[in-house]
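Enquirer: For the sequence shown, the tail end lands on 577 under my numbering, and the numbers increase by one without skipping.
No residue lacks a Cβ here, since even glycine has one placed at the ideal position from N, Cα and C.
Below you will find the structure I want to go over with you.
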Amino acid sequence: MFSYQHEYHAGNFADVHKHLVLWLVLDSLLARPKPFVALDLFAGSGQYALDRGPAARSGEWREGIGRLWSLNRAPATLRVWLDAIRGLQPDPARLTMYPGSPALIQQRLRDQDQLVACELHPGASAVLQDVLRADSRCHLHRRDAREAARALFPPEPRRGLALLDPAYERVQEYAEIPEMTREIRRRWNTGIILVWYPLLEEGRHPQLREALLSRHPGEEILFSELRLSEPPRGPGLQGSGMAVLNMPWQLDQRVRELLLPVWQRLDPDARGGLFQATALENAQGRPQFVRIEPDDSTAMRDVKDHD
Ligand SMILES: C[S@@+](CC[C@H](N)C(=O)[O-])C[C@H]1O[C@@H](n2cnc3c(N)ncnc32)[C@H](O)[C@@H]1O
271 MFSYQHEYHA
281 GNFADVHKHL
291 VLWLVLDSLL
301 ARPKPFVALD
311 LFAGSGQYAL
321 DRGPAARSGE
331 WREGIGRLWS
341 LNRAPATLRV
351 WLDAIRGLQP
361 DPARLTMYPG
371 SPALIQQRLR
381 DQDQLVACEL
391 HPGASAVLQD
401 VLRADSRCHL
411 HRRDAREAAR
421 ALFPPEPRRG
431 LALLDPAYER
441 VQEYAEIPEM
451 TREIRRRWNT
461 GIILVWYPLL
471 EEGRHPQLRE
481 ALLSRHPGEE
491 ILFSELRLSE
501 PPRGPGLQGS
511 GMAVLNMPWQ
521 LDQRVRELLL
531 PVWQRLDPDA
541 RGGLFQATAL
551 ENAQGRPQFV
561 RIEPDDSTAM
571 RDVKDHD
């Protein structure tokens with residue numbers, strides 16, 4: 271069950287994509303003083319060394335965070351995110367560590383907010399326990415996320431997000447994840463749910479999108495997908511997808527404004543693309559993607575399908 275090790279992929283372009291969308295959702299929760307809770311159901315270990323071990327061997331991070339780290343001029347939100355990562359480095363001048371989603375969330379919690387993290391892998395959860403230390407705002411569960419989807423919802427406070435970021439090492443996960451989001455929604459009708467999914471050659475992502483839409487009738491879902499020109503190293507990963515259910519106001523606009531310069535930096539040949547759709551199940555169950563154009567973020571041309 272535990273053959274997947276995020277250590278090899280930490281800080282790659284897919285992590286950057288996922289964490290920036292997460293960052294924007296946190297921004298919208300932080301815009302009001304009311305407390306929120308973030309439930310990170312497949313949390314990972316929270317921090318990953320880049321200068322040694324698996325990440326150094328795979329080098330995937332060089333085509334992700336490595337391409338953004340040295341940006342002199344960056345849009346404000348990207349700069350704030352990069353500064354947050356800089357602040358977590360042992361030596362802020364050198365990029366030697368990449369934070370996982372629970373560490374990024376922890377960094378943004380106010381006194382009134384909470385993080386609930388689930389991680390089943392004994393090694394990863396031990397590291398995560400160390401990362402979160404004795405922070406009374408953070409609660410770590412060494413439990414199965416599928417069981418947590420029933421046991422931990424609705425959370426208190428009700429305001430917040432749930433992040434589902436499984437490894438997809440079993441094909442059943444493509445069916446289990448939409449079932450989990452449905453379970454969560456049945457108990458928690460106000461929460462923002464984020465789902466990461468891989469775009470693989472011959473992949474199952476179209477079925478995953480459609481299953482999400484059919485499990486959430488009447489709910490508008492934002493899909494953001496990022497592809498690079500060259501398939502990066504790693505097991506056939508062509509691109510990265512994020513679905514956001516019950517998306518905060520104007521998130522679609524903020525995602526495309528933030529991710530356009532990021533994609534341009536990550537994909538200098540510009541043969542990949544940044545794609546976005548907002549979809550409802552009753553619109554034939556298929557999201558209609560638009561490609562976000564580099565010259566003008568508001569000028570978008572329709573694409574039939576970018577699979
Ligand atoms: C893609 S990684 C998570 C990365 C993390 N969310 C981040 O962005 O930094 C997926 C994690 O889920 C854990 N995992 C796999 N199956 C699980 C399950 N059923 N319940 C809880 N955790 C699980 C794995 O051990 C792995 O650490």
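(1) Mind checking Thr460: buried by the 16 CB within 10 Å criterion, or exposed?
(2) Please report the distance separating the alpha-carbon of Ile355 from that of Pro369.
(3) Could you compute how far the alpha carbon of Ala432 sits from the alpha carbon of Leu464?
(4) Is it the case that the Cβ atoms of Val514 and Val291 are separated by a distance below 8 angstroms?
(5) Under the three-state reduction of DSSP, which class applies to Gly509: helix, strand or coil?
(6) From Leu390 to Gly316, what does the alpha carbon distance come to, in whole angstroms?
(7) Is it right to say Leu320 is buried, meaning 16 or more other beta carbons lie within 10 angstroms of its own, or is it exposed?
(8) Measuring only the C-alpha atoms, how far is Ala396 from Tyr274?
(9) Bridge partners of Leu433, per DSSP?
(10) Between the stretch 287-303 and the stretch 418-431, do three or more beta carbon pairs fall short of 8 angstroms?
(11) I need the straight-line Cα distance from Ala540 to Met367, nearest angstrom please.
(12) Within this structure, are the beta carbons of Arg535 and Arg337 separated by less than 8 angstroms?
(13) State yes or no: is the C-beta of Leu390 nearer than 7 angstroms to some heavy atom of ligand 1?
(14) What's the gap between the Cα of Pro487 and the Cα of Ala363?
(15) Please confirm whether Gln376 and Asp405 have their CB atoms less than 8 angstroms apart.
(16) Can you find a heavy atom of ligand 1 that lies under 7 angstroms from the Cβ of Gly509?
(17) Quick check on Ser494: buried or exposed, where buried means 16 or more other Cβ atoms within 10 Å of its Cβ?
(18) DSSP on His279, reduced to helix/strand/coil?
(19) What residues in its chain sit with their C-beta under 7 angstroms from that of Glu446, if we drop five residues either side in the sequence?
(20) Could you compute how far the alpha carbon of Ile562 sits from the alpha carbon of Gly509?
(21) Under three-state DSSP, which class holds Thr548?
(22) Classify Ala319 as helix, strand or coil using the three-state DSSP reduction.
(23) Excluding the 5 residues flanking Glu277 on each side, which residues of the same chain have their C-beta closer than 7 angstroms to its C-beta?
(24) Would you give the residue range spanned by the alpha helix (DSSP H) that Val350 belongs to?
(25) I want to check one thing, is the minimum distance from the CB of His276 to the heavy atoms of ligand 1 below 7 angstroms?
(26) Distance check for Arg403 and Pro564, CA to CA, integer angstroms please.
(27) Output the residue ranges of the beta strand (DSSP E) runs that lie fully inside the stretch 397-444 and measure 3 residues or longer, sorted by chain position.
(28) Give the DSSP-derived three-state secondary structure of Arg497 in the structure shown.
(29) Distance check for Thr451 and Asp310, CA to CA, integer angstroms please.
(30) Can you find at least 3 beta carbon pairs, one from the stretch 521-534 and one from the stretch 467-484, that sit closer than 8 angstroms?
(31) How long is the line joining the alpha carbons of Leu410 and Leu374, rounded to whole angstroms?
(32) Check Met517 in the structure and name its three-state DSSP category.
(33) What are the partner residues of Tyr368, as DSSP defines its beta bridges?
Expert: Quick answer:
(1) Here residue 460 refers to the residue found at position 190 of the sequence shown. Thr460 is exposed by the Cβ-count criterion.
(2) Locating residue 355 in the sequence shown gives position 85, where the first residue counts as 1. Locating residue 369 in the sequence shown gives position 99, where the first residue counts as 1. The alpha-carbon atoms of Ile355 and Pro369 are separated by roughly 7 angstroms.
(3) The residue labelled residue 432 in the question sits at position 162 within the sequence shown. The residue labelled residue 464 in the question sits at position 194 within the sequence shown. Ala432 and Leu464: Cα-Cα distance of roughly 6 angstroms.
(4) Residue 514 sits at position 244 when you count from the first residue of the sequence shown. Residue 291 sits at position 21 when you count from the first residue of the sequence shown. Yes.
(5) Residue 509 sits at position 239 when you count from the first residue of the sequence shown. DSSP places Gly509 in strand when its eight states are reduced to three.
(6) Within the sequence shown, residue 390 is the residue found at index 120, counting from 1. Within the sequence shown, residue 316 is the residue found at index 46, counting from 1. Cα to Cα, the separation comes out at about 13 angstroms.
(7) Position 50 of the sequence shown holds residue 320. It is buried - the Cβ of Leu320 has at least 16 other Cβ atoms within 10 Å.
(8) Here residue 396 refers to the residue found at position 126 of the sequence shown. Here residue 274 refers to the residue found at position 4 of the sequence shown. If you take the alpha carbons of Ala396 and Tyr274, they lie about 16 angstroms apart.
(9) Numbered from 1 along the sequence shown, position 163 holds the residue referred to as residue 433. Beta-bridge pairing links Leu433 to Asp310 and Leu464.
(10) yes
(11) Translated into the one-based positions of the sequence shown, residue 540 becomes position 270. Translated into the one-based positions of the sequence shown, residue 367 becomes position 97. Their backbone Cα atoms lie some 28 angstroms apart in a straight line.
(12) Working through the sequence shown from its first residue, we reach residue 535 at position 265. Working through the sequence shown from its first residue, we reach residue 337 at position 67. Against a cut-off of 8 angstroms, the Cβ pair of Arg337 and Arg535 comes out as a contact.
(13) Position 120 of the sequence shown holds residue 390. Checking every heavy atom of ligand 1 against the Cβ of Leu390, one is found closer than 7 angstroms.
(14) By 1-based counting over the sequence shown, the position of residue 487 is 217. By 1-based counting over the sequence shown, the position of residue 363 is 93. The alpha-carbon atoms of Pro487 and Ala363 are separated by roughly 48 angstroms.
(15) Translated into positions along the sequence shown, residue 376 becomes position 106. Translated into positions along the sequence shown, residue 405 becomes position 135. It is a contact, given that the beta carbons lie within the stated cut-off.
(16) In the sequence shown, the residue the question calls residue 509 occupies position 239. Checking every heavy atom of ligand 1 against the Cβ of Gly509, none is found closer than 7 angstroms.
(17) Start at 1 with the first residue of the sequence shown, and residue 494 comes out as number 224. Classification of Ser494: buried, given that the 10 Å Cβ count is 16 or more.
(18) Numbered from 1 along the sequence shown, position 9 holds the residue referred to as residue 279. It is coil, neither helix nor strand.
(19) Here residue 446 corresponds to residue number 176 of the sequence shown, with the count starting at 1. Arg416, listed in sequence order.
(20) Locating residue 562 in the sequence shown gives position 292, where the first residue counts as 1. Locating residue 509 in the sequence shown gives position 239, where the first residue counts as 1. Approximately 15 angstroms between the Cα atoms of the pair.
(21) Numbered from 1 along the sequence shown, position 278 holds the residue referred to as residue 548. It is a strand residue.
(22) Along the sequence shown, one-based indexing puts residue 319 at 49. Looking at Ala319 - three-state DSSP - the assignment turns out to be strand.
(23) For this step, residue 277 is matched to residue 7 along the sequence shown. Once the five neighbours on either side are set aside, the close Cβ partners of Glu277 are Tyr318, Gly323, Pro324 and Ala325.
(24) In the sequence shown, counting from the first residue as 1, residue 350 sits at position 80. Run containing Val350: Ala346 to Gly357, per the alpha helix (DSSP H) assignment.
(25) As a first step, residue 276 must be located in the sequence shown, where it is residue number 6. True, at least one ligand heavy atom lies under 7 angstroms from that Cβ.
(26) Stepping through the sequence shown from its first residue, residue 564 is reached at position 294. Stepping through the sequence shown from its first residue, residue 403 is reached at position 133. Each residue's alpha carbon lies about 42 angstroms from the other.
(27) 408-411 and 430-434
(28) Working through the sequence shown from its first residue, we reach residue 497 at position 227. Correct three-state label for Arg497: strand.
(29) As a first step, residue 310 must be located in the sequence shown, where it is residue number 40. As a first step, residue 451 must be located in the sequence shown, where it is residue number 181. One C-alpha to the other measures close to 13 angstroms.
(30) no
(31) Stepping through the sequence shown from its first residue, residue 410 is reached at position 140. Stepping through the sequence shown from its first residue, residue 374 is reached at position 104. If you take the alpha carbons of Leu410 and Leu374, they lie about 15 angstroms apart.
(32) Numbered from its first residue, the sequence shown carries residue 517 at position 247. In the structure shown, Met517 sits in coil (DSSP, three-state: anything other than H, G, I, E or B).
(33) In the sequence shown, the residue the question calls residue 368 occupies position 98. Beta-bridge pairing links Tyr368 to Tyr318.
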